[in-house]
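Chemist: If you scroll down you'll find the structure; I have some questions about it.
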Amino acid sequence: MDTPIPLSLAVLTALSFLYFRWRRLSTRPLPPGPRGLPVIGSLWDIVTDKDDKPRHLKYLDLGKKYDSDIVHISVCGDHLVVLNSVKATDELLEKRSINYSDRPVMPMVTDLLGLLAASKRWDEFDIGVMGYSDKWKAHRRIFNQYFKQQAVVSYYPVHRKEVLVFLNKILNNPESLNAHARDYAGAMILQITYGITSEEEKAYFVQVAEIANQSIIASVNHGSFMVDYFPFLKYIPSWFPGAGFKRKAAVWAKHVSDMNHDPWRLLKSSMANGTAMPSVATNGLERFNSDQEEMEPFIQHVCAVAYAAGADTTVALLLASLLALVRNPEAQTRAQAEIDEVVGSSRLPDFQDRDKLPYIDAILKETQRLYPASPLSIDHCSMDDDIYEGYFIPKGTTVVGNAWAILHEEKTYPEPMKFKPERFLKEEGKSTPPDSTLYAFGFGRRICPGRFLALDAAWLMVACVLSVFDINKTFDAEGNEIEVVFAHTPGAIR
Numbered sequence: 004m005d006t007p008i009p010l011s012l013a014v015l016t017a018l019s020f021l022y023f024r025w026r027r028l029s030t031r032p033l034p035p036g037p038r039g040l041p042v043i044g045s046l047w048d049i050v051t052d053k054d055d056k057p058r059h060l061k062y063l064d065l066g067k068k069y070d071s072d073i074v075h076i077s078v079c080g081d082h083l084v085v086l087n088s089v090k091a092t093d094e095l096l097e098k099r100s101i102n103y104s105d106r107p108v109m110p111m112v113t114d115l116l117g118l119l120a121a122s123k124r125w126d127e128f129d130i131g132v133m134g135y136s137d138k139w140k141a142h143r144r145i146f147n148q149y150f151k152q153q154a155v156v157s158y159y160p161v162h163r164k165e166v167l168v169f170l171n172k173i174l175n176n177p178e179s180l181n182a183h184a185r186d187y188a189g190a191m192i193l194q195i196t197y198g199i200t201s202e203e204e205k206a207y208f209v210q211v212a213e214i215a216n217q218s219i220i221a222s223v224n225h226g227s228f229m230v231d232y233f234p235f236l237k238y239i240p241s242w243f244p245g246a247g248f249k250r251k252a253a254v255w256a257k258h259v260s261d262m263n264h265d266p267w268r269l270l271k272s273s274m275a276n277g278t279a280m281p282s283v284a285t286n287g288l289e290r291f292n293s294d295q296e297e298m299e300p301f302i303q304h305v306c307a308v309a310y311a312a313g314a315d316t317t318v319a320l321l322l323a324s325l326l327a328l329v330r331n332p333e334a335q336t337r338a339q340a341e342i343d344e345v346v347g348s349s350r351l352p353d354f355q356d357r358d359k360l361p362y363i364d365a366i367l368k369e370t371q372r373l374y375p376a377s378p379l380s381i382d383h384c385s386m387d388d389d390i391y392e393g394y395f396i397p398k399g400t401t402v403v404g405n406a407w408a409i410l411h412e413e414k415t416y417p418e419p420m421k422f423k424p425e426r427f428l429k430e431e432g433k434s435t436p437p438d439s440t441l442y443a444f445g446f447g448r449r450i451c452p453g454r455f456l457a458l459d460a461a462w463l464m465v466a467c468v469l470s471v472f473d474i475n476k477t478f479d480a481e482g483n484e485i486e487v488v489f490a491h492t493p494g495a496i497r
C-alpha cells in the first residue's frame with residue numbers, strides 16, 4: 004500500500020529541515036579546534052585526565068596551538084567553546100550575557116545528586132547551576148537582598164568575632180592552619196545565614212558542608228561524568244558494570260540533602276522554642292510572613308547556597324592569600340609596614356581602615372589573579388545561535404570562561420607568573436589592569452553573588468593575621484626549610 008500523502012509530506016518536511024539545518028551548520032565556520040574522532044569527538048583528549056594536566060591548562064594549550072582566543076571542541080556531539088581572553092569573555096559573557104546566562108544539562112549534579120534530597124533536585128535550589136529562568140531570577144533577587152555590597156556591611160560584627168577566634172587558634176596551634184581557616188569561614192557563614200553560634204553545632208555543620216561540597220565540586224562542570232553527555236545513563240541500575248557514578252551519586256546525594264535540610268531543621272526548631280538568633284533565615288521568614296508557605300522554600304534555598312558556596316570559596320581565598328605571603332616575604336613586610344603606619348600596635352585592623360590599607364586589597368586581588376579558586380567558571384550555555392569574530396556558535400553550546408588563562412594574560416597582566424600586588428595600586432600617571440575580581444568569581448549575570456561577603460572575610464583575616472603574626476616556612480626534621488607548593492586539586496574549586 005502506498006504511504007499516505009500527509010505522512011509522506013511530514014517525513015519529507017522533517018528530512019528537509021534536518022538537511023538545511025546541517026547545511027547551515029556545515030557552511031558556517033565554527034571556532035578553530037581539534038577535529039576529534041567520529042562520534043566521541045575529543046572526549047579522550049580533553050575530558051579525561053589521562054595526562055593529569057588540569058583542564059584549564061589543556062584549554063590554554065589548545066588556544067596557543069590554534070592561535071586563537073576562542074576554541075571549539077566537539078565532545079560526543081556536544082559543542083564546547085572555550086574563551087581564553089579578556090576580550091572574548093567581555094564580549095560574549097558580559098556584553099551579550101542575555102544569550103549566555105543559561106546552564107548546560109548536567110544530569111550528574113542536577114538529577115543524581117538530588118535523588119535523596121527529599122525529592123528536591125539540586126538545580127531546584129542552587130542558583131549556581133539552575134537554568135536561566137524566572138525561578139532563577141527570583142532566587143537571585145532574594146539572594147542579592149542579603150549579600151549585595153551594601154547589605155554585607157551589617158555582618159561586620161560576625162567577622163570581627165570570628166577573626167578573634169581564628170587568631171587564637173593560630174596562636175595555640177599554628178600547624179592546623181587549613182582546619183582553622185575552614186572553621187573561620189564556616190562559622191562565619193553559619194552564623195550569618197542560620198544564626199548558629201554554638202561551637203559544637205558550628206563544628207558539626209562545617210564538616211557537613213565540607214563533605215557535601217567535595218561531591219558538588221567534583222560534579223558541577225558539564226562533562227565531569229559521562230552521564231552529562233549521555234543522559235540516558237542515569238537510568239541504568241547502580242549494579243551495572245561501569246555504573247560507579249550511580250553508586251557515588253547515591254552516597255553524595257545524602258550529603259547534599261544533609262547540607263540543605265539539617266541546618267534548616269535546627270533553625271525551625273529554634274524558632275519554635277524562641278531561641279533563634281537573628282540571621283538571614285529569620286529575617287527572610289519574618290519579611291515574607293504573609294506568603295510564608297510559598298516563600299519558605301526560597302529562603303531555605305538561599306541559605307543553603309550561601310552555606311555551601313560561601314564556606315568553600317572563602318577558604319580557598321584565605322589559604323591562597325596566606326600561602327602567597329609565605330612565598331613572597333617582601334610583600335608581607337610591605338603590608339605589615341602599612342598596617343603599622345595606619346593602625347599602630349594598640350588594636351587590630353578593622354573595616355574602617357580599609358581605604359587606608361590599599362596594599363592589603365592589592366594582595367587579595369593579586370592572589371585571586373595568580374591563584375584563582377575556580378580556574379574555570381561554571382559552564383554557561385548559549386540560548387540562541389550567535390556569531391563572534393566570524394565564527395558560528397550554535398544554540399545549546401557549552402561556553403566556558405577560562406579564568407586562569409584570562410588572569411594570566413601577558414598583555415593584560417605583565418609578568419603574569421610573578422606575585423606583584425603593586426600592579427593593582429593606583430598611582431598618578433599609571434593605569435591599573437582590570438580588577439581580578441571581575442574574572443575570579445565568574446562572568447556576566449552568573450557572577451557569584453556572594454563575592455562581597457567572601458572578600459570581606461578574607462580582607463579582615465589577612466589584615467589581622469599580618470598585624471600580629473609573621474608567616475614563615477616551616478622546617479623538616481633535619482632543620483631544612485620546607486618549600487611551599489601550590490598544588491591543583493581536581494574539580495571546580497582548587
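Counting with the numbering used here, you get residues 4 to 497 for the letters of the sequence shown. Think of the CB as a built atom: it goes at the ideal place given N, C-alpha and C, for glycine as much as any other residue.
1) Among all the DSSP beta bridges, which residues are the ones paired with residue 233?
2) Taking residue 395 as part of the beta strand (DSSP E), name the residues at either end of that continuous run.
3) Tell me the start and end of each unbroken alpha helix (DSSP H) in the region 368 to 442 that is at least 4 residues and wholly inside, in chain order.
4) Since I believe residue 150 is in contact with residue 314 (beta carbons under 8 Å), could you give me their beta-carbon distance rounded to a whole number of angstroms?
5) Tell me whether residue 145 is buried or exposed, calling it buried when 16 or more other Cβ atoms sit within 10 Å of its Cβ.
6) Scan the region 130 to 154 and note each continuous beta strand (DSSP E) run of 3 residues or more that stays entirely inside, going in chain order.
7) So, helix, strand or coil for residue 498, using DSSP?
8) Reducing DSSP to helix, strand and coil, say where residue 42 ends up.
9) If you check the beta carbons only, do residue 2 and residue 134 fall under 8 Å apart?
10) Jot down the residue ranges of each uninterrupted alpha helix (DSSP H) in the region 200 to 225, minimum 4 residues, whole runs only, in chain order.
11) Flag this pair as touching only if the region 360 to 376 and the region 82 to 92 have three or more C-beta atom pairs under 8 Å; answer yes or no.
12) From the DSSP output, in three-state form, read off residue 308 for me.
13) What residues in its chain sit with their C-beta under 8 Å from that of residue 99, if we drop five residues either side in the sequence?
14) Please classify residue 476 as buried or exposed, where buried requires at least 16 other C-beta atoms within 10 Å of its C-beta.
15) Within 10 angstroms of its Cβ, does residue 481 collect 16 or more other Cβ (buried), or is it exposed?
16) Quick check on this structure: which residue in 196, 241, 104 and 277 has the alpha carbon closest to the alpha carbon of residue 148?
17) Would a C-beta distance cut-off of 8 Å place residue 115 and residue 257 closer than the cut-off?
18) Less than 6 Å between C-beta atoms, sequence neighbours within five positions excluded: which residues of the same chain meet that for residue 317?
19) Tell me, please, which residues DSSP counts as bridged to residue 59.
20) Hey, quick one: how far does the alpha helix (DSSP H) through residue 459 stretch, first residue to last?
21) Can you tell me where the beta strand (DSSP E) holding residue 83 begins and where it ends?
22) Report the CB separation of residue 370 from residue 327 in whole angstroms; it is logged as a contact under 8 Å.
23) Is residue 169 helix, strand or coil when you go by DSSP?
24) From this set, 302, 231 and 470, which residue's C-alpha is nearest residue 170's C-alpha?
25) Please return the same chain residues whose Cβ sits closer than 7 Å to the Cβ of residue 36, not counting the five positions on each side in sequence.
26) Report yes or no: do three or more beta-carbon pairs, one from the region 152 to 161 and one from the region 235 to 251, lie closer than 8 Å?
27) What do you get for residue 484, buried or exposed, if any count of 16 or more other CB atoms within 10 angstroms of its CB means buried?
28) Is it buried or exposed, residue 210, if we count other Cβ atoms within 10 angstroms and call 16 or more buried?
29) Between the C-alpha atoms of residue 398 and residue 387, what's the straight-line distance to the nearest angstrom?
30) Grab me the residues of residue 393's own chain with a C-beta within less than 8 Å of its C-beta, minus the 5 sequence neighbours each way, in chain order.
31) Closer than 8 Å by C-beta to residue 321: which residues in its own chain qualify, once you throw out the five before and the five after it? Chain order, please.
32) Determine the direct distance from the alpha carbon of residue 222 to that of residue 163, and round the result to whole angstroms.
33) Evaluate residue 34 with the Cβ neighbour count: other Cβ atoms within 10 Å of its Cβ, from every protein chain shown; 16 or more gives buried, anything less gives exposed.
34) Note down the Cα distance separating residue 381 from residue 348, rounded to an integer number of angstroms.
35) Can you tell which of 110, 414 and 431 has its C-alpha closest to the C-alpha of residue 90?
36) My output table needs one value for residue 119: the three-state DSSP class, helix, strand or coil.
Modeler: Answer, in terms of the structure:
1) Residue 233 pairs with nothing; no bridge assigned.
2) 394 to 396
3) 406 to 410
4) Contact doesn't hold; Cβ gap of about 14 Å is too wide.
5) buried
6) none
7) Residue 498 cannot be examined here, being either before or after the span of the chain that is shown, 4 to 497.
8) coil
9) The structure shown does not extend to residue 2, since the chain is modelled only from 4 to 497, so the question has no answer here.
10) 202 to 222
11) no
12) helix
13) 389
14) exposed
15) exposed
16) 196
17) no
18) 188, 457 and 460
19) BP columns for residue 59 are empty, so no partner.
20) 454 to 471
21) 81 to 86
22) 5 Å
23) helix
24) 470
25) 65, 69, 74, 75 and 76
26) no
27) exposed
28) exposed
29) 4 Å
30) 32
31) 184, 187, 188, 460, 461, 464 and 465
32) 34 Å
33) buried
34) 43 Å
35) 414
36) Low confidence applies to residue 119: its pLDDT is 32, below 50, so where it sits in the model is not reliable, and the reading given next is rough at best. Three-state result, residue 119: coil.
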